[in-house]
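Protein chains: 2
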Amino acid sequence: MEQVIEKRIGISSLVNKIVSAEDAAALIQDGDIVGMSGFTRAGDAKVVPLALAQRAKNEKIKIDVYTGASLGPEVDQILAETGAIRKRGPYQGDPAIRNLINKGEVLYVDAHLSHNAELVRQGIIGPINFAIIEATAITQDGFLVPTTSVGNSPIFAQYAENLIIELNLAHSESLVGVHDIYIPDAQGERKPIPILNPTDRIGDIGIKINPDKVKAIVISNEQDAPSLIVEPDNETQDMANHLLDFFRSEIKAGRLTNKLAPLQSGVGSVANAVLEGFKTSEFEDLIIFSEVLQDAVFNLIDAGKVSFASCTSITISEELQKKVYGNIEKYADKIIIRPQEISNHPEVIRRLGLIAINAALEVDIYGNVNSTHVGGTRMMNGIGGSGDFTRNSRLSIFVTKSYAKGGKLSSIVPMVAHHDHTEHDVHVIVTEQGVADLRGLAPKERVPLIIENCVHPDFKQQLWDYYNEAVELTGNAHTPHNLEKALSWHVNAAKAGTMKF
Amino acid sequence: MEQVIEKRIGISSLVNKIVSAEDAAALIQDGDIVGMSGFTRAGDAKVVPLALAQRAKNEKIKIDVYTGASLGPEVDQILAETGAIRKRGPYQGDPAIRNLINKGEVLYVDAHLSHNAELVRQGIIGPINFAIIEATAITQDGFLVPTTSVGNSPIFAQYAENLIIELNLAHSESLVGVHDIYIPDAQGERKPIPILNPTDRIGDIGIKINPDKVKAIVISNEQDAPSLIVEPDNETQDMANHLLDFFRSEIKAGRLTNKLAPLQSGVGSVANAVLEGFKTSEFEDLIIFSEVLQDAVFNLIDAGKVSFASCTSITISEELQKKVYGNIEKYADKIIIRPQEISNHPEVIRRLGLIAINAALEVDIYGNVNSTHVGGTRMMNGIGGSGDFTRNSRLSIFVTKSYAKGGKLSSIVPMVAHHDHTEHDVHVIVTEQGVADLRGLAPKERVPLIIENCVHPDFKQQLWDYYNEAVELTGNAHTPHNLEKALSWHVNAAKAGTMKF
Numbered sequence: 040m041e042q043v044i045e046k047r048i049g050i051s052s053l054v055n056k057i058v059s060a061e062d063a064a065a066l067i068q069d070g071d072i073v074g075m076s077g078f079t080r081a082g083d084a085k086v087v088p089l090a091l092a093q094r095a096k097n098e099k100i101k102i103d104v105y106t107g108a109s110l111g112p113e114v115d116q117i118l119a120e121t122g123a124i125r126k127r128g129p130y131q132g133d134p135a136i137r138n139l140i141n142k143g144e145v146l147y148v149d150a151h152l153s154h155n156a157e158l159v160r161q162g163i164i165g166p167i168n169f170a171i172i173e174a175t176a177i178t179q180d181g182f183l184v185p186t187t188s189v190g191n192s193p194i195f196a197q198y199a200e201n202l203i204i205e206l207n208l209a210h211s212e213s214l215v216g217v218h219d220i221y222i223p224d225a226q227g228e229r230k231p232i233p234i235l236n237p238t239d240r241i242g243d244i245g246i247k248i249n250p251d252k253v254k255a256i257v258i259s260n261e262q263d264a265p266s267l268i269v270e271p272d273n274e275t276q277d278m279a280n281h282l283l284d285f286f287r288s289e290i291k292a293g294r295l296t297n298k299l300a301p302l303q304s305g306v307g308s309v310a311n312a313v314l315e316g317f318k319t320s321e322f323e324d325l326i327i328f329s330e331v332l333q334d335a336v337f338n339l340i341d342a343g344k345v346s347f348a349s350c351t352s353i354t355i356s357e358e359l360q361k362k363v364y365g366n367i368e369k370y371a372d373k374i375i376i377r378p379q380e381i382s383n384h385p386e387v388i389r390r391l392g393l394i395a396i397n398a399a400l401e402v403d404i405y406g407n408v409n410s411t412h413v414g415g416t417r418m419m420n421g422i423g424g425s426g427d428f429t430r431n432s433r434l435s436i437f438v439t440k441s442y443a444k445g446g447k448l449s450s451i452v453p454m455v456a457h458h459d460h461t462e463h464d465v466h467v468i469v470t471e472q473g474v475a476d477l478r479g480l481a482p483k484e485r486v487p488l489i490i491e492n493c494v495h496p497d498f499k500q501q502l503w504d505y506y507n508e509a510v511e512l513t514g515n516a517h518t519p520h521n522l523e524k525a526l527s528w529h530v531n532a533a534k535a536g537t538m539k540f
Numbered sequence: 040m041e042q043v044i045e046k047r048i049g050i051s052s053l054v055n056k057i058v059s060a061e062d063a064a065a066l067i068q069d070g071d072i073v074g075m076s077g078f079t080r081a082g083d084a085k086v087v088p089l090a091l092a093q094r095a096k097n098e099k100i101k102i103d104v105y106t107g108a109s110l111g112p113e114v115d116q117i118l119a120e121t122g123a124i125r126k127r128g129p130y131q132g133d134p135a136i137r138n139l140i141n142k143g144e145v146l147y148v149d150a151h152l153s154h155n156a157e158l159v160r161q162g163i164i165g166p167i168n169f170a171i172i173e174a175t176a177i178t179q180d181g182f183l184v185p186t187t188s189v190g191n192s193p194i195f196a197q198y199a200e201n202l203i204i205e206l207n208l209a210h211s212e213s214l215v216g217v218h219d220i221y222i223p224d225a226q227g228e229r230k231p232i233p234i235l236n237p238t239d240r241i242g243d244i245g246i247k248i249n250p251d252k253v254k255a256i257v258i259s260n261e262q263d264a265p266s267l268i269v270e271p272d273n274e275t276q277d278m279a280n281h282l283l284d285f286f287r288s289e290i291k292a293g294r295l296t297n298k299l300a301p302l303q304s305g306v307g308s309v310a311n312a313v314l315e316g317f318k319t320s321e322f323e324d325l326i327i328f329s330e331v332l333q334d335a336v337f338n339l340i341d342a343g344k345v346s347f348a349s350c351t352s353i354t355i356s357e358e359l360q361k362k363v364y365g366n367i368e369k370y371a372d373k374i375i376i377r378p379q380e381i382s383n384h385p386e387v388i389r390r391l392g393l394i395a396i397n398a399a400l401e402v403d404i405y406g407n408v409n410s411t412h413v414g415g416t417r418m419m420n421g422i423g424g425s426g427d428f429t430r431n432s433r434l435s436i437f438v439t440k441s442y443a444k445g446g447k448l449s450s451i452v453p454m455v456a457h458h459d460h461t462e463h464d465v466h467v468i469v470t471e472q473g474v475a476d477l478r479g480l481a482p483k484e485r486v487p488l489i490i491e492n493c494v495h496p497d498f499k500q501q502l503w504d505y506y507n508e509a510v511e512l513t514g515n516a517h518t519p520h521n522l523e524k525a526l527s528w529h530v531n532a533a534k535a536g537t538m539k540f
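Keeping their order, the protein sequence lines are chains A and B.
540 is the number that our numbering gives the last residue of the first sequence; the numbers go up by one with no jumps.
540 is the number that our numbering gives the last residue of the second sequence; the numbers go up by one with no jumps.
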């Protein structure tokens with residue numbers, strides 16, 4: 040065991056830094072700002088946060104926690120429920136912390152995932168007292184090799200005053216070489232990010248660290264919390280079929296080939312199901328350039344449909360974890376894990392001309408999208424990278440089932456109750472009903488496409504009634520709305536549980 | 040005269056293409072899609088559109104007009120009022136066409152100004168039957184040299200089936216060399232845009248054209264419609280002072296030096312007045328990297344405060360036109376005019392780390408911004424480049440007076456009635472009352488800063504009442520709103536002319 044550990048810590052002086060999780064957690068002070076590794080439950084520090092949660096049961100401690108994105112239960116459930124988290128950013132997805140956020144007990148800064156690194160550089164997030172980063176190994180050259188995500192770990196490691204490393208032996212050393220760590224210089228002194236193809240490696244195999252900052256190394260042996268993918272159903276299958284048909288029409292129009300363009304796909308069951316739809320399609324030699332690789336991507340690699348995948352995180356089910364991490368050599372030359380500042384960078388996204396597929400909570404008749412707020416007030420997860428990709432992609436597609444709550448709510452409403460992506464950024468909407476291609480259209484040209492192609496039949500007439508009244512009321516203004524009724528569907532849903540009048 | 044013209048047309052075969060404006064306008068067919076030069080009333084084609092308007096009085100003709108941004112009266116007033124414009128994009132600012140848009144008589148596609156070139160490449164805008172481009176000269180090497188703006192002319196010239204050139208003799212040939220034309224390749228085959236400093240020249244002095252596409256050259260001799268800058272008043276002066284103080288605090292925090300960072304400033308009197316505020320400040324060696332240079336920039340160059348300015352358009356008052364265009368040699372080495380795809384490119388904006396200063400129509404208590412829609416339904420001008428800059432800048436600042444209509448309306452409302460920039464993109468709000476720095480804050484942390492620092496005293500308590508009730512109603516949710524009342528201020532303004540209850 041000791042030999043295994045020493046093999047993974049290439050700097051011998053650091054071997055002395057190995058301590059228990061409790062001793063490492065004891066270093067954190069009340070009021071600290073802590074940057075943690077982890078992105079969509081992957082590659083997050085696990086044992087130190089648990090030890091910190093133990094401490095927080097008996098001791099007043101409140102810290103600010105910034106990460107790549109959502110974490111597993113150790114932080115966003117167990118630590119959060121002790122009351123030890125004052126502020127959290129830039130993304131979460133756990134019911135426990137979500138509940139605390141919506142009771143006003145945790146402050147949450149929901150942010151574009153490409154923005155965090157700049158905020159750290161400027162000291163807006165910070166000073167970062169501790170970075171806690173899960174690692175596969177520390178090389179002789181002083182590179183910290185992450186595990187299953189990179190996220191914001193490079194910028195945290197660069198700016199944190201102190202480092203705590205969780206060396207996770209559950210991951211094979213064959214992960215070394217899968218990451219590609221490139222950190223831009225300060226704004227104004229920066230060179231172009233030299234990615235010309237999704238397959239380009241431009242940086243180091245790990246995060247260069249200053250060994251003097253390392254205050255503790257804790258040995259762990261834990262897999263990531265597995266993702267809970269819901270199996271595709273008839274409606275997600277319909278959405279996938281509509282999307283594939285839309286791609287076919289783009290090929291006919293000469294805008295795409297059957298290799299499409301590098302694909303980004305949001306996190307969650309719908310996005311995963313839509314990607315699975317490619318498995319039996321004629322599309323091939325597909326490239327993924329995304330935030331998160333979910334099960335579907337590995338299934339598509341196995342099926343010979345996807346030839347390469349770039350990401351900042353791998354979030355997969357327990358079954359896939361066994362298959363992929365037990366066999367990482369098989370996938371290592373087909374995958375790059377990058378910092379989220381790079382995977383989500385507008386420069387790279389626009390240059391490569393991605394196709395972005397993200398999930399919407401609700402959409403309105405003019406094409407505005409709510410990705411985050413249930414009923415306009417309660418935070419669900421966060422905007423994540425959807426804005427980074429949506430704004431800059433060649434094709435920005437939003438997918439949602441046309442209804443929710445067994446048909447009582449329509450996912451297409453007169454006006455979204457919270458705006459994350461405006462009409463200027465949304466190209467295509469896909470529901471199980473069909474596709475609305477909004478590109479190049481004025482607001483009033485979008486309305487019939489959205490209502491006729493995407494809305495559930497139960498709500499079509501009701502939306503037409505709203506729109507026609509708004510046209511009348513405003514004298515056919517640029518964006519007709521009846522502001523007295525624009526949010527009435529949500530008000531009715533809150534009061535009576537339905538958007539049907 | 041003929042000698043002058045021949046000197047300006049370097050390709051002798053093209054001299055035969057000189058025709059009258061009427062003959063050139065006769066080439067345009069009903070139903071054509073026309074790309075025109077011009078950006079905020081600068082560098083727009085003038086005499087051909089006027090001749091087309093004359094034709095349209097007696098003949099059914101409807102065309103789609105895409106430009107850089109807003110045009111002078113020839114198109115957006117005179118041609119529009121003949122009913123000859125079916126669809127218009129991506130920006131306008133003339134009361135005449137605005138009125139037609141808000142009566143449903145002109146379709147308007149309001150878009151991020153960096154997005155148009157990609158839409159042309161993809162054929163979403165197009166096929167472009169004609170491009171009508173104002174030029175200073177055509178060089179022997181086949182470069183069309185624009186006049187006072189570049190805008191979307193390069194992409195229009197590249198993709199249009201036919202070209203009509205307005206050779207404008209009102210501009211000195213010394214304009215040749217001021218432009219820098221760089222056109223990215225198709226997405227996926229593209230190199231990094233090699234701008235590392237605002238002063239970098241990376242392209243050609245003009246737009247490479249295919250002479251075979253030139254169907255007509257029309258000689259003109261007209262200055263741009265001058266901008267109508269309203270003189271700074273006490274309140275814009277207060278806003279400028281608040282902004283300068285904010286910059287001073289950023290310097291103290293170590294985030295800026297007294298050279299600040301490359302500045303972008305939106306179009307309009309408020310933005311111009313705010314920039315004028317630098318004249319008597321201690322800041323120096325300032326660099327502008329913006330869309331439009333207004334009067335203030337030239338005054339700052341003259342005052343020795345601004346050392347370089349990059350733009351896509353020069354929109355100045357009549358007085359400044361005489362000074363600048365009568366003396367362009369004096370400014371030529373301090374200015375670059377670029378395509379709007381480059382001036383507004385996320386890649387360049389984020390790399391350079393701009394400070395973006397844009398005007399808001401209204402702002403809400405969580406920091407969402409409405410830039411475009413009066414009362415949520417009537418289009419004012421358009422989003423322009425504000426989204427390109429806001430999303431990607433180091434510092435994204437919005438300025439607005441805290442009230443409108445003599446104090447009856449508050450510019451800070453419970454919920455904006457149209458969303459152009461979401462809470463995720465807005466860093467700082469400045470009114471004549473003060474500054475709210477929202478960076479790194481959760482929604483509920485932003486509320487007291489916005490209300491206490493930016494709101495007019497007449498509306499403070501009313502906003503607190505709204506917020507407190509919303510907190511109560513939602514159980515202190517992430518973003519408290521009372522959806523029944525969120526837009527009630529606008530409803531009241533529409534009905535009773537006031538937001539005071």
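The beta-carbon is built from N, C-alpha and C at its ideal position, and this holds for glycine as well.
Anything in chain B within Cβ reach of A/Met418, meaning under 8 Å, just list it in chain order. In chain order: Ala516, His517 and Thr518.
Local conformation of B/Leu13 per DSSP, three classes: Any answer about residue 13 of chain B is impossible in this case: the structure gives chain B only from 40 up to 540.
Between B/Glu358 and chain A, is any beta-carbon pair separated by less than 8 Å? So no, B/Glu358 is outside the interface.
Beta-carbon spacing of A/Ala335, A/Glu357 below 8 Å: Going by C-beta atoms, A/Ala335 is not nearer than 8 Å to A/Glu357.
Closest Cα partner of B/Ser188 within the set B/Arg377, B/Met418, B/Asn515 and B/Leu152: With distances taken between CA atoms, B/Ser188 lies nearest to B/Arg377 out of B/Arg377, B/Met418, B/Asn515 and B/Leu152.
Using CA coordinates, which residue listed in B/Leu325, B/Ala264 and B/Ile489 is at the minimum distance from B/Gly82? Residue B/Ala264 is the option with its Cα nearest to B/Gly82.
Give the interface partners of B/Glu323 over in chain A, defined as CB-CB distance under 7 Å, in chain order. The premise fails here: B/Glu323 is roughly 17 Å from chain A at the closest Cβ pair, so nothing lies under 7 Å.
Close Cβ partners of B/Lys99 (< 8 Å) along its chain, the five nearest in sequence each way excluded: Only Asp69 meet the Cβ criterion.
Buried or exposed: which applies to B/Asn249, given that a residue is buried once 16 or more other Cβ atoms fall within 10 Å of its Cβ? With fewer than 16 other Cβ atoms within 10 Å, it is exposed.
How would you write the range of the beta strand (DSSP E) that A/Lys142 sits in, first residue to last? No beta strand (DSSP E) holds A/Lys142; DSSP gives it neither H nor E.
Provide the residue(s) that pair with A/Asp403 in DSSP beta bridges, ordered along the chain. A/Asp403 is bridged by DSSP to A/Val452.
Since A/Ile381 is in the alpha helix (DSSP H), which residue starts that stretch and which ends it? Here the alpha helix (DSSP H) through A/Ile381 covers Gln379 to Ser382.
So A/Phe195 and A/Ile167 are in contact, right, with Cβ under 8 Å, and what is the actual spacing, rounded? About 6 Å; that satisfies the 8 Å criterion.
Measure the beta-carbon distance from B/Ile396 to B/Leu302 and round it to whole angstroms, keeping in mind my assumption that it falls under 8 Å. So it is a contact: roughly 7 Å between Cβ atoms.
Consult DSSP for B/Ala176 and reduce its assignment to one of helix, strand or coil. The three-state reading of DSSP puts B/Ala176 in strand, counting E and B together.
Report yes if the C-beta of B/Ile194 is less than 7 Å from at least one heavy atom of the ligand FMN; otherwise report no. By its list of ligands, the structure shown contains no ligand whatsoever, and the ligand FMN lies outside what it can speak to.
Enumerate in chain order the residues of its own chain whose CB-to-CB distance from A/Gln93 is below 8 Å, with the five nearest sequence positions on each side excluded. When the five nearest sequence neighbours on each side are left out, the beta carbons in the same chain lying within less than 8 Å of the beta carbon of A/Gln93 are those of Glu61 and Ala64, in order along the chain.
Roughly how many angstroms separate the alpha carbons of A/Val43 and A/Leu202, rounded to a whole number? In this structure, the CA atom of A/Val43 is about 22 Å from the CA atom of A/Leu202.
Taking C-beta to C-beta, are B/Arg80 and B/Leu110 nearer than 8 Å? Yes; because the gap between Cβ atoms is below 8 Å, this pair is in contact.
Mind reading off the beta-carbon distance from A/Thr186 to A/Thr175? Whole number of angstroms is fine, and I expect it under 8 Å. Yes, A/Thr186 and A/Thr175 are in contact; Cβ-Cβ is about 5 Å, under 8 Å.
Does the beta carbon of A/Val486 come closer than 8 Å to any beta carbon on chain B? So, not an interface residue.
In chain order, what residues of the segment 285-308 of chain B put their CB closer than 8 Å to some CB of chain A? If the cut-off is 8 Å between Cβ atoms, the segment 285-308 of chain B has Ala292, Gly293, Arg294, Ala300 and Pro301 near chain A.
Between A/Tyr130 and chain B, is there a C-beta pair that is closer than 8 Å? Contact with chain B is absent for A/Tyr130, since none of that chain's Cβ atoms lies less than 8 Å from the residue's Cβ.
Same chain only: Cβ atoms within 7 Å of B/Val87, ignoring 5 sequence neighbours per side: Taken in chain order, the residues that qualify are Ala60, Ala63, Ala64, Ile171, Ile203, Glu205 and Val257.
Check whether the Cβ atoms of A/Glu323 and A/Lys344 lie closer than 8 Å to each other. A contact, by the Cβ cut-off of 8 Å.
Answer with buried or exposed for A/Leu295, where buried requires no fewer than 16 other C-beta atoms within 10 angstroms of its C-beta. Of the other Cβ atoms in all chains shown, 16 or more fall within 10 Å of the Cβ of A/Leu295; this residue is therefore buried.
Quick one, which of A/Lys373, A/Val73, A/Arg125 and A/Met418 has its alpha-carbon nearest A/Phe337's? Answer by Cα proximity: A/Lys373.
Beta bridge counterpart(s) of A/Ile326 as assigned by DSSP: Its beta-bridge partners are A/Phe347.
Give the secondary structure of B/Ile375 by DSSP, where H, G and I count as helix, E and B as strand, and everything else as coil. Under the three-state reduction of DSSP, B/Ile375 is assigned to strand.
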